[in-house]
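Colleague:
In our numbering, the protein residues as written are 98 to 353.
1. What's the call for residue 288, buried or exposed, on a 16-neighbour Cβ count within 10 Å?
2. Which residue from 224, 283, 273 puts its Cα closest to that of residue 255?
3. Nearest CA to the CA of residue 166: which residue from 203, 257, 193, 182?
4. Roughly how many angstroms separate the alpha carbons of residue 350 and residue 184, rounded to a whole number?
5. Is residue 325 near residue 335, with beta carbons less than 8 Å apart?
6. Which same chain residues, not among the five before or five after residue 216, have their C-beta less than 8 Å away from its C-beta?
7. Just tell me which of 118, 252, 236, 238 has its CA closest to the CA of residue 131.
8. Residue 271: which of 278, 291, 338, 280 sits nearest, CA to CA?
9. Distance, Cα to Cα, residue 323 vs residue 303?
10. Tell me residue 295's beta-bridge partners as DSSP assigns them.
11. Going by C-alpha to C-alpha distance, which of 192, 121, 109 sits closest to residue 100?
12. Does the Cβ of residue 102 have 16 or more other Cβ atoms within 10 Å, making it buried, or fewer, making it exposed?
13. Counting C-beta neighbours from all protein chains within 10 Å, is the total for residue 208 16 or more, i.e. buried, or is it exposed?
14. When you compare the CB positions of residue 345 and residue 295, do they come within less than 8 Å of one another, or not?
15. Near residue 232, which residues of its chain fall below 7 Å by C-beta distance, leaving aside the five closest residues on each side in sequence?
16. What would DSSP say about residue 303, mapped onto helix, strand or coil?
17. Where are the alpha helix (DSSP H) runs, 4 residues long or more, that stay fully inside the region 233 to 283, in chain order?
18. At what residue ranges does the region 153 to 223 contain a whole run of the alpha helix (DSSP H), taking only runs of 4 or more?
19. Residue range of the alpha helix (DSSP H) that residue 335 falls in?
20. Roughly how many angstroms separate the alpha carbons of residue 151 and residue 173, rounded to a whole number?
Pasting the structure below:
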């Protein structure tokens, strides 16, 4: 099995070396290491250049939950300086569900500003974007469209079906995680999303599960779990689904 994890936070893993070894042993041929701030972007680039297998590609970005005052300009300049090594700009977007953002208009506007700055960067260099849109699905979609973004993936999509319909109409993507085993919102969204507009990922090292399910802390090897859960949900053969997912990932991120 050759499979691609299209979204992992390698810099957050407890034992990166062991996780990459396990990924390789489980058929993971490539990982898109997604950045959330300046430190993560630097670490992921280091990993990209020193790791032979799986092949590591990077997305460089500032996550809406990781906006640090005084670091945004340096963070965006770093992305610009290393843009040739990036396959995407991400993880970027909006999230007003954080307690420190919910009732703070200034924090919301700060997220909007940082999001737009990075979308403009993606457009300037013709790169796809990886969008975090928790609770802000409609605004994230409209903003990306306004900024003229051609390729976007709405990571771990669990939002409304009317927004999903617009995402697909605009030829954007959504991604599925192991949450499609137990999350009604994730299941409903992925059930309705065409496979041609879907990527699979792990969002490592997120913890997946509920009190009623066996929980686990994700690693890139668990993208195989996402594939199996997807095929169970959509009643598809794994081999056929994997062929489409790999094709989607390679085309979306421009992987060699």
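Each residue gets a CB set at the ideal place from its N, CA and C atoms; glycine is no exception. Keep in mind the model is a prediction, meaning the values are calculated, not measured.
Modeller: In short:
1. exposed
2. Nearest C-alpha to residue 255: 283.
3. 203
4. One alpha carbon belongs to residue 350, the other to residue 184, and they sit about 6 Å apart.
5. yes
6. 186, 189, 226, 240, 241, 244, 246
7. 252
8. Here the closest residue by C-alpha is 291.
9. 13 Å
10. 271
11. Closest in alpha carbon position to residue 100, among 192, 121, 109, is 121.
12. buried
13. It counts as buried.
14. yes
15. The beta carbon of residue 232 lies closer than 7 Å to those of 192, 193, 194 in the same chain, with the five residues before and after it left out.
16. Of the three classes helix, strand and coil, the one that applies to residue 303 here is coil, per DSSP.
17. 234 to 243, 258 to 266
18. Assignment of alpha helix (DSSP H) within the region 153 to 223, counting only whole runs of 4 or more residues, yields 169 to 178, 196 to 199, 202 to 221 in chain order.
19. 335 to 350
20. 27 Å
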